[in-house]
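Structure first, then comments.
In structure tokens form, the structure reads like this:
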């Protein structure tokens with residue numbers, strides 16, 4: 015809602031003149047005319063103080079929006095609500111009529127003018143290029159209707175390339191809220207091009223590293239070139255950026271551990287899952303044959319915990335049913351982007367999995383599994399999950415789903431419960447990077463999980479998910495280039511969990527400020543500047559609740575706005 019607080023400079027004016035309803039023509043689209051009726055007196059609006067002109071500007075900003083006005087009752091002041099109810103019973107229909115006559119531009123019109131830059135027609139490629147600059151892709155599932163309409167519309171144009179205003183509006187109307195947010199830079203990373211230019215530089219810095227060895231204890235992993243290097247990111251608003259070998263499939267390996275743990279908690283709840291698995295870092299190698307003092311695996315990020323976690327998914331079902339269930343869940347996390355399976359890797363895993371078989375039999379002896387579990391069948395399922403393939407691009411959407419509280423950012427579909435996501439990120443932060451977890455938490459301060467295929471699944475909560483992939487590993491089993499990239503990322507941006515967002519001035523903050531509601535304060539400024547600022551902001555907000563005129567000594571005008579498509 016918009017709240018207008020006027021200084022006591024206007025007190026006498028309102029007390030003297032707001033004794034009868036304020037006559038404001040609902041057909042006026044521009045600034046108030048020079049003559050405004052206050053009671054029986056006609057006052058020249060340009061002769062009163064600049065404070066009154068703020069009322070003019072505010073009226074200009076809100077004229078296109080459904081609203082009601084209230085005057086504070088001072089003496090004989092009268093509420094205007096009833097009058098406006100009578101005069102504006104069909105206000106929305108009236109506004110639509112105004113838009114058709116060109117008096118009030120629609121959001122579609124404003125978007126057309128933004129992209130057209132004064133031209134009467136827009137080349138389709140210009141719109142798509144501008145869209146890409148915001149971080150959105152033309153293949154985004156949320157824009158499917160828009161893109162389908164665009165293709166059909168171009169078939170009916172004389173040149174097959176350009177769109178006039180009418181056709182453009184027809185194309186974008188189904189996704190106007192999302193597109194308006196994109197072009198008005200209301201996403202979590204407003205200046206996406208500047209941000210991605212920094213990402214590209216970090217990528218190039220890490221590409222120069224030549225240290226590390228490709229894992230060879232699983233024959234299929236040893237076949238990857240050590241020169242492979244890719245980074246993909248997806249924000250919680252669905253902004254995408256990729257650089258490097260981002261379309262090359264590779265196996266998740268240990269990066270699947272937090273994902274299957276999240277599925278288990280989503281299905282069974284925290285208490286049940288952790289009756290079988292602990293929550294503490296082990297301080298030991300990830301494949302150690304070792305349990306905690308309660309004869310439970312230390313956490314779900316080590317092999318022992320991941321094997322038990324696999325036994326909890328669809329307990330009692332066949333491996334085929336379990337595998338299909340997890341694959342479908344992962345595809346939902348990835349927004350239906352590429353999720354595959356490497357049978358060759360699965361066979362290699364099973365043939366070289368003696369250590370995991372030893373861990374399995376040891377846990378069977380200690381009764382770590384749910385009653386009735388077939389341990390060898392569980393190990394097969396565990397090897398299958400490690401052999402699931404992704405690309406950097408699809409895995410970044412999975413990470414973004416975790417960053418977005420369990421809702422896939424490019425489909426809007428809830429995949430995981432908030433409880434499952436919170437638990438998963440907590441354990442990734444403390445246990446996700448093998449024996450480097452403490453160092454990573456100290457220097458990077460973000461939830462992450464690495465795998466021996468060279469992947470690092472990194473989550474910046476409420477901002478984005480990132481997948482780094484490069485096969486050469488350090489002595490602890492983490493990607494050399496991936497660790498370097500993550501470290502430099504947090505040195506440049508204030509993404510570390512314990513960076514102070516208010517006072518840490520040495521780092522960049524690429525995020526927007528504020529939340530779902532904006533509270534914006536304007537200091538002293540001239541009438542024209544305020545009018546322009548409000549006119550720019552007004553089209554993005556709707557459903558204005560009753561406006562109250564408060565009289566106090568403040569000289570500040572405060573505007574509180576609810577975003578389109580959210581709130582009441």
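Numbering (the working numbering), first residue to last: 15 to 582. We put the beta carbon where it would ideally sit given N, CA and C, even for glycine. Just so you know, these numbers come straight off a predicted model, no measurement behind them.
Going by DSSP, which residues form a beta bridge with residue 255?
In DSSP, residue 255 forms a bridge with 247.
CA-to-CA distance, residue 429 to residue 376, given in whole angstroms
Rounded to the nearest angstrom, the two C-alpha atoms are 34 Å apart.
Can you tell me whether DSSP reads residue 178 as helix, strand or coil?
Secondary structure of residue 178 (DSSP, three-state): strand.
Under the three-state DSSP convention, the category residue 432 falls into:
Three-state result, residue 432: helix.
Taking the alpha-carbon of residue 150 as reference, which of 124, 331, 248 has the nearest alpha-carbon?
Measuring C-alpha to C-alpha distances from residue 150 to each of 124, 331, 248 identifies 248 as the nearest.
By alpha-carbon positions, which one of 361, 309, 479 ends up nearest to residue 397?
Of the listed residues, the one whose Cα sits closest to residue 397 is 361.
Would DSSP call residue 442 helix, strand or coil?
When secondary structure is reduced to three states using DSSP, residue 442 falls in the helix class.
Residue 173: which of 137, 191, 190, 160 sits nearest, CA to CA?
The residue with the shortest Cα to Cα distance from residue 173 is 137.
Where residue 390 falls, given that 16 or more other Cβ within 10 Å makes a residue buried:
With fewer than 16 Cβ atoms within 10 Å of its Cβ, residue 390 is classed as exposed.
Using the three-state DSSP reduction, which class does residue 467 fall into: helix, strand or coil?
Coil.
With DSSP run on the structure shown, which of helix, strand or coil describes residue 557?
Only weak support exists for where residue 557 lies, its pLDDT of 38 falling under 50; the value from the coordinates is given anyway. Here DSSP, grouped into helix, strand and coil, assigns residue 557 to coil.
Under 7 Å between the Cβ atoms of residue 262 and residue 423?
No. Outside cutoff.
Determine the DSSP secondary structure at residue 283, reduced to helix, strand or coil.
In the three-state scheme derived from DSSP, where H, G and I count as helix and E and B as strand, residue 283 is classed as coil.
What does residue 462 pair with, by DSSP beta-bridge criteria?
In the DSSP output, where bridge partners are listed per residue, residue 462 has 472.
Measure the beta-carbon distance from residue 294 to residue 306 and round it to whole angstroms, keeping in mind my assumption that it falls under 8 Å.
Contact flag correct, Cβ pair sits at about 7 Å.
Secondary structure of residue 227, DSSP reduced to three states
Three-state result, residue 227: strand.
Among 484, 480, 461, 121, whose alpha-carbon lies nearest the alpha-carbon of residue 468?
For the residues 484, 480, 461, 121, the minimum Cα distance to residue 468 belongs to 484.
Separation of residue 463 from residue 415, as counted between CA atoms
Residue 415 and residue 463 have their C-alpha atoms spaced approximately 15 Å apart.
Rounded straight-line distance, which links the Cα of residue 497 to that of residue 504:
It is roughly 11 Å from the alpha-carbon of residue 504 to the alpha-carbon of residue 497.
Chain B contact for residue 312 (CB, 7 Å cutoff)
In summary, chain B is missing from the structure at hand, where a single protein chain is found.
Can you check DSSP and say which residues form a bridge with residue 522?
Answer is 507, bridged to residue 522.
What three-state label does DSSP hand residue 371 in the structure shown?
Residue state, collapsed to three classes: helix.
Cβ-based burial, residue 207 [other Cβ within 10 Å; buried from 16]
Classification for residue 207: exposed.
C-alpha gap between residue 154 and residue 178, whole angstroms
The alpha-carbon atoms of residue 154 and residue 178 are separated by roughly 24 Å.
Report the residue from 134, 455, 318 whose alpha carbon sits nearest the alpha carbon of residue 367.
Ranked by how close their Cα comes to the Cα of residue 367, the residues 134, 455, 318 have 318 in first place.
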